[in-house]
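Since the structure comes first, as structure tokens, the remarks are kept for the end.
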Amino acid sequence: MLSDALLLQLGYNATLVAIGAALLGVSAGVTGTFLFLRKRALVSDAISHATLPGVCIAFMVMVALGGDGRNLIGLLLGSALSAWVGLLCLNWLTRHTRLAEDAAIGSVLSVFFGFGVVLLTVIQTMGVGRQAGLEGFLLGSTAGMLWADAMIIAVGGGATLLLILLLRRPMTLVSFDPEYAAARGLPVARIDLAMMGLVMAVTVVGLKIVGLILIVALLIIPPVTARFWTERSDRVVLLSGLAGGVSGFVGAAISASAPNLPTGPIIVLVSFALFALSMLLAPNRGVLAAILGHLRFQRRVHLRQGLLALAQGQPIYERLTLRLLSRAGFARADGVATELGRARAAKALRDEKRWEVVRADQSHEAAAALYDGLRDIETVLTKDQIVDIDRRIGGPQEVPA
């Protein structure tokens with residue numbers, strides 16, 4: 039059943055939902071990257087909650103004009119206007135009052151969402167409001183999605199991606215260093231507002247599939263997932279879009295294969311699963327890589343300390359140290375150094391004396407800053423510098439390798 043859903047074989051509506059969710063995921067992942075890099079992730083929460091009053095007011099206006107109030111374009115336009123007002127309120131509070139941004143976000147979020155819930159309750163008392171289905175905008179509702187709905191989502195997502203492509207350079211610069219961007223003459227405030235506007239657009243487009251509460255997860259989790267895999271901002275953008283697209287498509291497919299499962303929450307759970315896998319398995323920043331790196335560092339420390347102990351004729355009691363020395367061929371199982379071990383131990387002791395000279399000499403201050411007790415001195419100093427240090431130390435000028 040799931041394989042049929044992944045291959046788009048479960049019917050017209052399931053295919054529309056899967057494609058729309060994938061497009062939304064790509065748009066949300068790419069847009070959320072700049073929000074994540076700008077360290078303003080919670081702004082998306084305020085914007086999403088600020089859409090609810092607009093949805094309700096748009097419904098009431100369309101009903102007052104003689105319609106049934108369920109026109110998706112009208113509802114999305116209302117949510118966009120409401121979100122924009124919320125965004126302007128947030129910017130005004132952060133710029134013209136002493137409120138910190140997190141406090142301003144909490145204020146805007148709670149006030150707008152509370153007002154929306156009140157309007158939603160009023161709508162339920164209206165004669166045409168009992169079957170309005172506006173609750174679907176809270177957590178998303180894909181049942182009965184039409185071709186026109188899918189096209190609205192596709193066009194909105196595509197337009198957002200196009201704007202991001204045009205603004206990616208200034209938005210990247212502002213995200214990393216707004217002071218430098220301002221020094222170069224870039225209008226930081228306008229770029230910030232454009233960035234928030236793109237987030238608002240993705241939020242409005244995603245109301246139908248994910249809902250205003252869960253769209254925040256689709257904006258933030260894919261960029262965080264991508265960040266585990268790369269250090270470059272352009273690759274973070276691409277990987278974030280890929281993670282969002284995969285989450286949307288797979289989540290919609292799982293929901294279609296099990297009709298009782300809601301689409302929006304399943305998409306978010308799939309996105310979290312990708313995040314968890316990345317957190318565990320990413321090669322450089324993942325938990326497993328950190329554990330393996332710690333174990334490698336621990337073995338290097340034990341091996342280094344073991345060689346220094348051999349060089350000074352000290353007994354070795356640590357089992358791990360003995361095992362590492364024996365495995366490397368530097369000592370027998372009873373702790374007696376081999377010929378190779380004596381040579382490497384002499385080299386380790388000689389390097390320690392060299393590092394002492396380097397750390398005491400101000401002319402080698404830059405090299406001394408790299409000392410960690412494990413780094414080979416040959417990777418820091420030239421051969422002539424090492425010869426000069428050996429001359430100052432005295433004793434043997436060469437150590438068997």
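In this text, residue positions in the sequence shown follow my numbering: the first is 39, and each later residue adds one.
Just so you know, even glycine gets a beta-carbon here, dropped at the ideal spot from N, CA and C.
Could you tell me the distance, in whole angstroms, from the CA atom of residue i to the CA atom of residue j?
{"i": "PRO438", "j": "GLN350", "result": "At PRO438 the pLDDT is 42, less than 50, meaning the model places this residue with poor confidence; the figure from the coordinates comes in the next sentence. Taking the straight line joining both Cα atoms gives about 16 Å."}
{"i": "LEU125", "j": "GLY152", "result": "16 Å"}
{"i": "ILE57", "j": "LEU103", "result": "33 Å"}
{"i": "GLY244", "j": "LEU256", "result": "9 Å"}
{"i": "SER295", "j": "GLN336", "result": "48 Å"}
{"i": "SER278", "j": "TRP267", "result": "10 Å"}
{"i": "ALA138", "j": "LEU147", "result": "14 Å"}
{"i": "THR301", "j": "LEU211", "result": "36 Å"}
{"i": "VAL254", "j": "GLY195", "result": "16 Å"}
{"i": "ALA186", "j": "ASP140", "result": "38 Å"}
{"i": "THR241", "j": "ARG222", "result": "31 Å"}
{"i": "ALA121", "j": "LEU158", "result": "16 Å"}
{"i": "ILE424", "j": "ASP399", "result": "13 Å"}
{"i": "THR420", "j": "ARG413", "result": "14 Å"}
{"i": "LEU315", "j": "PRO321", "result": "11 Å"}
{"i": "GLY411", "j": "ARG334", "result": "15 Å"}
{"i": "ALA311", "j": "ASN298", "result": "20 Å"}
{"i": "LEU46", "j": "LEU224", "result": "45 Å"}
{"i": "THR135", "j": "CYS127", "result": "11 Å"}
{"i": "ARG108", "j": "LEU119", "result": "17 Å"}
{"i": "LEU113", "j": "ALA52", "result": "23 Å"}
{"i": "HIS402", "j": "ASP272", "result": "38 Å"}
{"i": "LEU276", "j": "ILE329", "result": "28 Å"}
{"i": "THR163", "j": "ASP215", "result": "51 Å"}
{"i": "LEU362", "j": "LEU280", "result": "43 Å"}
{"i": "ALA84", "j": "VAL160", "result": "23 Å"}
{"i": "GLN343", "j": "TYR355", "result": "12 Å"}
{"i": "VAL193", "j": "ARG133", "result": "34 Å"}
{"i": "ARG270", "j": "GLY67", "result": "16 Å"}
{"i": "VAL156", "j": "PHE313", "result": "36 Å"}
{"i": "LYS391", "j": "GLY432", "result": "10 Å"}
{"i": "LEU23", "j": "VAL101", "result": "Residue 23 cannot be examined here, being either before or after the span of the chain that is shown, 39 to 439."}
{"i": "GLU377", "j": "ALA366", "result": "12 Å"}
Looking only at its chain, what residues have a beta carbon closer than 7 Å to the beta carbon of residue i, apart from the 5 residues adjacent to it on each side?
{"i": "ARG382", "result": "LEU345 and PHE368"}
{"i": "SER213", "result": "PHE72, LEU75 and ARG76"}
{"i": "VAL274", "result": "THR71, PRO261, ALA264, ARG265 and THR268"}
{"i": "TRP393", "result": "TYR409 and ILE415"}
{"i": "ARG430", "result": "VAL395"}
{"i": "GLY105", "result": "none"}
{"i": "ARG357", "result": "none"}
{"i": "LEU172", "result": "VAL93, CYS94, PHE97, LEU158 and ILE161"}
Any idea which residues DSSP pairs residue i with across the strands?
{"i": "ALA375", "result": "ALA369"}
Can you name, in chain order, every residue of its own chain whose Cβ lies under 8 Å from the Cβ of residue i, other than the five neighbours on each side?
{"i": "LEU318", "result": "GLY324, VAL325 and LEU326"}
{"i": "LEU408", "result": "VAL418"}
{"i": "ILE251", "result": "SER86, HIS87, LEU176 and LEU177"}
{"i": "SER145", "result": "LEU131 and LEU137"}
{"i": "ALA447", "result": "Residue 447 lies beyond the stretch modelled for the chain, which goes from 39 to 439, so this question has no answer here."}
{"i": "ILE229", "result": "LEU205, PRO208, MET209, VAL212 and ALA219"}
{"i": "ALA386", "result": "ARG342, LEU345, LEU346 and ALA349"}
In chain order, what residues of the same chain have a beta carbon less than 6 Å from the beta carbon of residue i, not counting five sequence neighbours either side?
{"i": "VAL308", "result": "SER285, VAL288 and GLY289"}
{"i": "GLN435", "result": "With a pLDDT of 44 at GLN435, under the threshold of 50, the modelled position of this residue cannot be trusted; read the value that follows with caution. Cβ within range, chain order: ASP428."}
{"i": "ALA227", "result": "none"}
{"i": "LEU40", "result": "SER295"}
{"i": "ALA188", "result": "LEU54 and GLY58"}
{"i": "GLY293", "result": "It is worth fixing the name first, because residue 293 is Ser in this sequence and not Gly. For SER293, where only same-chain residues beyond five positions count, the Cβ hits under 6 Å are LEU299, THR301 and ILE304."}
{"i": "GLY63", "result": "GLY282, GLY283, SER285 and GLY286"}
{"i": "MET233", "result": "PHE72 and MET209"}
{"i": "VAL306", "result": "LEU252 and ALA255"}
Is the CB of residue i under 8 Å away from at least one CB in chain D?
{"i": "SER316", "result": "Of the protein chains in this structure there is only one, and it is not chain D."}
Could you round the C-beta distance between residue i and residue j to whole angstroms and report it? I think they count as a contact, below 8 Å.
{"i": "GLY282", "j": "PRO260", "result": "4 Å"}
{"i": "ILE202", "j": "THR69", "result": "6 Å"}
{"i": "SER117", "j": "VAL93", "result": "5 Å"}
{"i": "ILE415", "j": "ASP389", "result": "5 Å"}
{"i": "ALA59", "j": "ILE247", "result": "5 Å"}
{"i": "VAL81", "j": "VAL237", "result": "7 Å"}
{"i": "ILE258", "j": "ALA79", "result": "5 Å"}
According to the Cβ coordinates, are residue i and residue j closer than 8 Å?
{"i": "THR263", "j": "SER65", "result": "no"}
{"i": "GLY379", "j": "LEU341", "result": "no"}
{"i": "LEU204", "j": "ASN129", "result": "no"}
{"i": "ALA384", "j": "VAL396", "result": "no"}
{"i": "GLY373", "j": "PRO353", "result": "yes"}
{"i": "LEU451", "j": "GLY154", "result": "Not covered by the structure: residue 451. The range shown for the chain is 39 to 439."}
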